[in-house]
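Peer 1:
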Amino acid sequence: MIRPLQRASVLVASLILLLSLSGPVVVGAAPVTLTPPIGVPAPETITDGCPYQTTPVSPVDESEVVPAGMPSPTPLPVPEPPVGGDLLGGCGVVLAPGAAPAPEGLTAAGWLIADLTAGKVLAAKDPHGRYRPASTIKVLLALVVLDELDLDATIAGTQEDDEIEGDAAGVGPGGTYTVRDLLAGLMLVSGNDCAHALARELGGQDAAVEKMNEKAAELGATDTRAASASGLDGPGMSSSPYDEALIFRAALQFPEFVEISRHDELRFPGYPGMPTDTTVTDADGNDSSTETTAETTPSGDPGIDLYNMNQLLYSYPGMIAGKTGYTDDARKTFVGAAERDGRQILIVQMYGLNDGPGSYWRQAEAMLDYGFAQAAEQNIGTLIEEPGQTTESAGAEPRDGNRVAAPESDADTDWTVRLFIGLIGALVVVGLVYAGLRMNKRH
1478 MIRPLQRASV LVASLILLLS LSGPVVVGAA PVTLTPPIGV PAPETITDGC PYQTTPVSPV
1538 DESEVVPAGM PSPTPLPVPE PPVGGDLLGG CGVVLAPGAA PAPEGLTAAG WLIADLTAGK
1598 VLAAKDPHGR YRPASTIKVL LALVVLDELD LDATIAGTQE DDEIEGDAAG VGPGGTYTVR
1658 DLLAGLMLVS GNDCAHALAR ELGGQDAAVE KMNEKAAELG ATDTRAASAS GLDGPGMSSS
1718 PYDEALIFRA ALQFPEFVEI SRHDELRFPG YPGMPTDTTV TDADGNDSST ETTAETTPSG
1778 DPGIDLYNMN QLLYSYPGMI AGKTGYTDDA RKTFVGAAER DGRQILIVQM YGLNDGPGSY
1838 WRQAEAMLDY GFAQAAEQNI GTLIEEPGQT TESAGAEPRD GNRVAAPESD ADTDWTVRLF
1898 IGLIGALVVV GLVYAGLRMN KRH
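Residues in the sequence shown are numbered consecutively from 1478, following this note's numbering.
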């Protein structure tokens, strides 16, 4: 019989073994509770049951009605294992062990925070959920333009450009614009007229969309399918927080993209008979009017001052670039990146809903702050460098609900060390138990 003292020794040794195998204790492994100081989540943004694993939320208008005689797009396949790592298959909030809780009051259905410098995803919610990108898809168009067109080449504006639905920079018939001008209008004020003109230069609207989807596939953005060059909703349109991160990271590799996107104000060429103002819709869905002045462009036509819709350029130190988006079906979307002390943090917000004016920007700032405070070693996955790099690991969990789990790639070596220490601990425990039994027999 083992005496009380011996029993206690065995208990302590067993506890040591358990701790050596399990590693650090993860506090808050339960679902993260969001509170409302910044914004209030809507029912559509509760994603624990994976409602958007294959397709976005049902549209509220007729923008995605398939024309008569045309087949409906089939949902894109869901890769298995998830691109970037198994943990990124989670649909709820996913955090690394030991990480701080997610910023309070985030109201987007899907969001992501990544360390671009390390290529790691630090935190996310429904990272591979399918959402409508709205105008953030213009970054994908910009990538195709930067690959194929000369920035100094000129493009003539058309009446069709002028009449395109949605936000406009001021492209019109009789106007002449460089590709650089049109990229500026695309990125600063989300000009659908600029997207239309650039798509025409790429071979037409359908050809441009096809090239955008080819570029998405090249980047490994498997949740992304463009249905328009501008981001206006259309049948089959989707992307994901993870894909938006891949696309924006690729765009940041072009110095010209960064240079254009970080301007807070730029002069845009006019055209004969140009209206005196242009109406744009900001990321909160509010219309605003930008007035022209009496100044003229070098061609003698009235021009317009464009002011960047990315409010973080004015409010957040170190902001590099960002792209806003909004449609009735997509709701608010945003992708952007900031730099501090040589480290770049990227954030994505998709299908955002909130009840307070301006709160979406405060949420974005809170996400950036979280990213800079989080160590890259505490991550939940990887931003892949090329298609096929899925960071597969054994024992993948199914894609279900909230999970707070260990990082995939950086934990391998650490786990090997823990296992080795645990085995030694097990041998020590066995030795102690055996010695205790021997001593008990002698007494």
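Here a beta-carbon is modelled for each residue, glycine too, at the ideal position from N, C-alpha and C. Note that this is a predicted model, so its numbers are computed, not measured.
Ignoring anything shorter than 3 residues or poking outside the segment 1638-1716, list the beta strand (DSSP E) runs there in chain order.
Peer 2: List check, beta strand (DSSP E) in window: 1653-1655.
Peer 1: If I measure Cβ to Cβ from V1571 and keep anything under 6 angstroms in the same chain, skipping five residues before and after, which residues do I get?
Peer 2: Closer than 6 angstroms at Cβ, skipping near neighbours: L1564, A1601, I1857, R1880.
Peer 1: How far does the alpha helix (DSSP H) with R1839 in it reach, from first residue to last?
Peer 2: Residues 1836-1850.
Peer 1: In the DSSP assignment, the alpha helix (DSSP H) including A1724 goes from what residue to what residue?
Peer 2: Before going on, a small fix: residue 1724 reads as Ile here, not Ala. Here the alpha helix (DSSP H) through I1724 covers 1718-1729.
Peer 1: Excluding five sequence neighbours on each side, which residues of the same chain lie with their C-beta closer than 8 angstroms to the C-beta of T1524?
Peer 2: For T1524, where only same-chain residues beyond five positions count, the Cβ hits under 8 angstroms are C1568, G1569, A1586, G1587, K1602, D1603, G1606.
Peer 1: Three-state secondary structure (DSSP) at I1531?
Peer 2: Residue 1531 is actually Thr in this sequence, not Ile. Residue state, collapsed to three classes: coil.
Peer 1: Answer yes or no: do E1923 and H1673 have a C-beta to C-beta separation smaller than 9 angstroms?
Peer 2: What the structure shows of the chain is the stretch from 1478 to 1920, and residue 1923 is not part of that stretch, so it cannot be assessed.
Peer 1: Can you tell me the Cα-Cα spacing of E1842 and V1537, whole angstroms?
Peer 2: Each residue's Cα considered, the two are about 29 angstroms apart.
Peer 1: DSSP three-state label for R1609, please.
Peer 2: Coil, per DSSP.
Peer 1: What is the DSSP secondary structure of E1736, reduced to helix, strand or coil?
Peer 2: Residue state, collapsed to three classes: helix.
Peer 1: Say whether the segment 1789-1806 touches the segment 1610-1626, bearing in mind that this needs 3 or more beta-carbon pairs closer than 8 angstroms, one atom from each stretch.
Peer 2: The segment 1789-1806 vs the segment 1610-1626: in contact.
Peer 1: Let's test the definition: count the other Cβ atoms within 10 Å of the Cβ of M1547 and tell me whether it reaches 16, buried, or not, exposed.
Peer 2: M1547 comes out exposed.
Peer 1: For the alpha helix (DSSP H) that E1625 lies in, which residues bound it at each end?
Peer 2: Looking at the DSSP string, the run of the alpha helix (DSSP H) that includes E1625 is 1615-1625.
Peer 1: For I1857, which residues does DSSP report across the bridge?
Peer 2: BP columns for I1857 are empty, so no partner.
Peer 1: Inspect the beta-carbon positions of R1609 and D1806 and report whether they are closer than 9 angstroms.
Peer 2: Contact flag set, yes.
Peer 1: Might you give, ordered along the chain, the residues of its own chain that have their beta carbon closer than 6 angstroms to the beta carbon of S1667, omitting 5 neighbours on each side?
Peer 2: Closer than 6 angstroms at Cβ, skipping near neighbours: S1612, D1644.
Peer 1: Under 8 angstroms: do the segment 1691-1702 and the segment 1713-1725 share three or more Cβ pairs, one atom per stretch?
Peer 2: They touch, by the three-pair rule.
Peer 1: Looking only at DSSP bridge pairs, what is V1812 linked to?
Peer 2: DSSP lists K1800, V1825 as partners of V1812.
Peer 1: Find the nearest neighbour of Y1793 within the set T1804, Q1855, E1521, W1838, judged by alpha-carbon distance.
Peer 2: Of the listed residues, the one whose Cα sits closest to Y1793 is W1838.
Peer 1: Among the residues of its own chain, which have a CB less than 6 angstroms from the CB of A1661, if the five just before and after it don't count?
Peer 2: For A1661, where only same-chain residues beyond five positions count, the Cβ hits under 6 angstroms are I1737, L1743.
Peer 1: Can you list, in chain order, the residues of its chain with a C-beta nearer than 7 angstroms to that of P1688? Leave out the 5 residues immediately preceding and following it.
Peer 2: The sequence shown places Lys at residue 1688, not Pro. Only V1621, L1679 meet the Cβ criterion.
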